[in-house]
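Written below as structure tokens is the structure these notes are about.
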Amino acid sequence: MRRRTFISIVGGAAAWPIAVRAQQPALPVVGFLHETSPDFPDRLRGFSQGLKETGFVEGTNVAIAYRWAENQIDRLPALAAELIARRVAVICASGIGAFAAREATTTIPIVFLVSEDPAKLGLVASLARPGGTLTGINFFASELSAKRLDLLRQLVPSVARVAVLINPADRYTERILKDVETAAHSMGLQILVVRASTPGEIDGVFARLAHERPDALFVGTGPFFSGRRLQLAHWTTRIAIPTTYELRQFAEVGGLMSYGASVTEAWRQVGIYAGRILKGAKPADLPVLQSTKLELVINHQTARIIGLTVPPSLLSIADEVID
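Count along the sequence shown from 1, then add 483; that gives the number in this note's numbering.
Put into structure tokens, the structure is as follows:
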């Protein structure tokens, strides 16, 4: 009798860990919504770092539900709906994904990353007091068009005619183009506007550029061009046209020069805000931040391939020179 009682007690104790685990609450889930594909490890690295700085580590005390639109913008509403069905605690979304998330929920907090003024876009009431359920990070894009064009002129002092590649399907295209046109006029430069919103159209654009031979190329912003950065780098090298891009990821795959905000740093800030919301902060009380870390990256190897000498003055101010 005593032995049976002892075995029963021991058996019950052995089962305790299982019972305790079963009773533990599920990890909070952060939704991650992006227009492109997961082939940008720097973004995920920055996001994870931001969460970590607020005390959250994926798989330990927080879960992350990733949803990637693979440059198919029409998929974003369905992906946002999936995150809501998953009952995520907060949604982190970039660009157009932020609008899809906003349309899908009025209760779940949203942390956005956009390249334009979110107040002008209607995402928040103001930068200082967002109001509602959205807040996030604004990183510079169109505001840097003049600087990018000036750096391109420093790279190619003889430049007189610049081709500007834009995506007519991107919602920010007209703003970018207007800023480039204004900057070009002030610098006495002529521009040739070329458009592409499909991989085939990109090929067609470069066939035209190879024939018309502008002095340089300014590539517009947006997830479509980011997703086609290898194709763009290939063509610009093939026809030997000096080119400026928005993000360092272009220079890393063979693009000549990039100047813009650090996406890694911007996503780190998104991760921090997501962590603060998980701890109870309300989006309405978190002012929209502007990501101010800018970086100039020059691919010196590409410059040599296309027969271009990079001025020492540019090399000296570059944040990174790829050899």
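Using N, Cα and C, we set each Cβ at its ideal position, and we do this for glycine too.
Query                                                                                                                                                                       : Result
How far does the beta strand (DSSP E) with Gln-773 in it extend, from its first residue to its last?                                                                        : 772 to 774
Hey, how far is the Cα of Asp-802 from the Cα of Pro-794?                                                                                                                   : 15 Å
Going by C-alpha distance, which of Val-597, Val-594, Ala-583, Gly-514 is nearest Arg-570?                                                                                  : Gly-514
Roughly how many angstroms lie between the CA atoms of Ile-685 and Glu-735, to the nearest whole one?                                                                       : 20 Å
Given that a residue counts as buried once 16 or more other Cβ atoms are within 10 Å of its Cβ, and exposed if not, what is Gln-732?                                        : buried
Hey, would you say Glu-729 sits closer than 8 Å to Ser-745, going by beta carbons?                                                                                          : no
Spatial neighbours of Leu-761 within its chain, please: CB distance less than 8 Å, with the 5 preceding and 5 following residues excluded, ordered by chain position.       : Pro-511, Val-513, Thr-537, Phe-539, Val-545, Ala-572, Val-573
Which partner residues of Met-740 appear in the DSSP bridge assignment?                                                                                                     : Thr-727, Ile-781
Measuring only the C-alpha atoms, how far is Val-804 from Thr-543?                                                                                                          : 38 Å
Would you tell me roughly how many angstroms separate the C-alpha atoms of Ile-800 and Ala-564, rounded to the nearest one?                                                 : 45 Å
Determine the burial state of Leu-798: buried for a count of at least 16 other Cβ atoms within 10 Å of its Cβ, exposed for fewer.                                           : exposed
Beta-carbon separation of Leu-562 and Arg-585 under 8 Å?                                                                                                                    : no
Residues in its own chain within less than 7 Å of Asn-556 by CB, not counting five upstream and five downstream?                                                            : This sequence places Ile at residue 556; Asn is not what is there. If we look at Ile-556 and ignore the five residues flanking it on each side, its Cβ neighbours are Glu-518, Ile-579.
Would you list, in sequence order, the uninterrupted alpha helix (DSSP H) runs of no fewer than 4 residues that lie entirely inside the stretch 503 to 582?                 : 524 to 536, 559 to 568
If I follow the unbroken beta strand (DSSP E) through Val-597, where does it start and stop?                                                                                : 593 to 597
What are the boundary residues of the beta strand (DSSP E) that Glu-803 is part of?                                                                                         : 803 to 805
For Arg-528, which residues from the same chain have a beta carbon less than 7 Å from its beta carbon, with the 5 sequence-adjacent residues on both sides left out?        : Thr-747
Excluding the 5 residues preceding and the 5 following Arg-644 in the sequence, name in chain order all residues of the same chain whose CB lies nearer than 6 Å to its CB. : Gln-673, Pro-697, Asp-698
So, under 8 Å CB-CB, Val-688 and Leu-627 are touching, yes? Tell me the CB distance rounded to an integer number of Å.                                                      : Rounded, the Cβ-Cβ distance is 22 Å, inconsistent with contact.
Identify which residue in Arg-636, Asp-633, Leu-604, Leu-779 has its Cα closest to the Cα of Asn-621.                                                                       : Leu-604
Could you check where the beta strand (DSSP E) with Val-645 kicks off and where it finishes?                                                                                : 644 to 649
Is it right to say Thr-719 is buried, meaning 16 or more other beta carbons lie within 10 angstroms of its own, or is it exposed?                                           : buried
Provide the residue(s) that pair with Arg-658 in DSSP beta bridges, ordered along the chain.                                                                                : Bridge partners of Arg-658: none, in fact.
Taking a contact to mean a Cβ-Cβ separation below 8 Å, would you say Leu-675 touches Ala-646 in this structure?                                                             : yes
So what's Ile-800 in DSSP terms, helix, strand or just coil?                                                                                                                : helix
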